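Numbering (our numbering), first residue to last: 158 to 257.
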């Protein structure tokens, strides 16, 4: 089941920590629907001295199969939750699916 990311609220950390997710989004250049391979969701840094320093992220790249545009994918994980950012894709246009 695909879940549309809410740009104003991160996804629940408890649902995603230690799991792998697939992302899908529409390429802003050619409007092809792009699906990623599974990407691991990093855990926040429990040894951090503040919530601000606890943020951890994973960065990947994917080429659009329609136009070969390279999109950078960033998964940010904090104790408040997980957000998914894709370069050149508007907020609210990214969906995720948790691997079984």
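The C-beta atom is built at its ideal place from N, Cα and C for all residues, glycine as well.
As the structure is a prediction and not an experimental result, all values here were calculated from the model.
### Message
Whole angstroms are fine: how far does the CA of residue 173 sit from the CA of residue 189?
### Response
27 Å
### Query
So, are the CB atoms of residue 249 and residue 169 less than 9 Å apart?
no
### Message
If contacts are defined as beta-carbon pairs under 8 Å, then residue 255 and residue 178 qualify, I think. What distance do you get, rounded to the angstrom?
### Response
6 Å
### Task
State the CB to CB distance for the pair residue 216 and residue 229, rounded to an integer number of angstroms; the pair is presumed to be in contact (CB under 8 Å).
7 Å
### Message
So for residue 256, helix, strand or coil by DSSP?
### Response
Judged by DSSP in its simplified three-state form, residue 256 adopts coil rather than helix or strand.
### Task
Report buried or exposed for residue 234, applying the criterion of at least 16 other Cβ atoms within 10 angstroms of its Cβ.
buried
### Task
Scan the segment 181-230 and note each continuous beta strand (DSSP E) run of 3 residues or more that stays entirely inside, going in chain order.
Runs of the beta strand (DSSP E) inside the segment 181-230: 190-192 and 213-220.
### Query
DSSP on residue 245, reduced to helix/strand/coil?
coil
#### Entry: Proximity of residue 201 and residue 232 at Cβ, strictly below 9 Å
no
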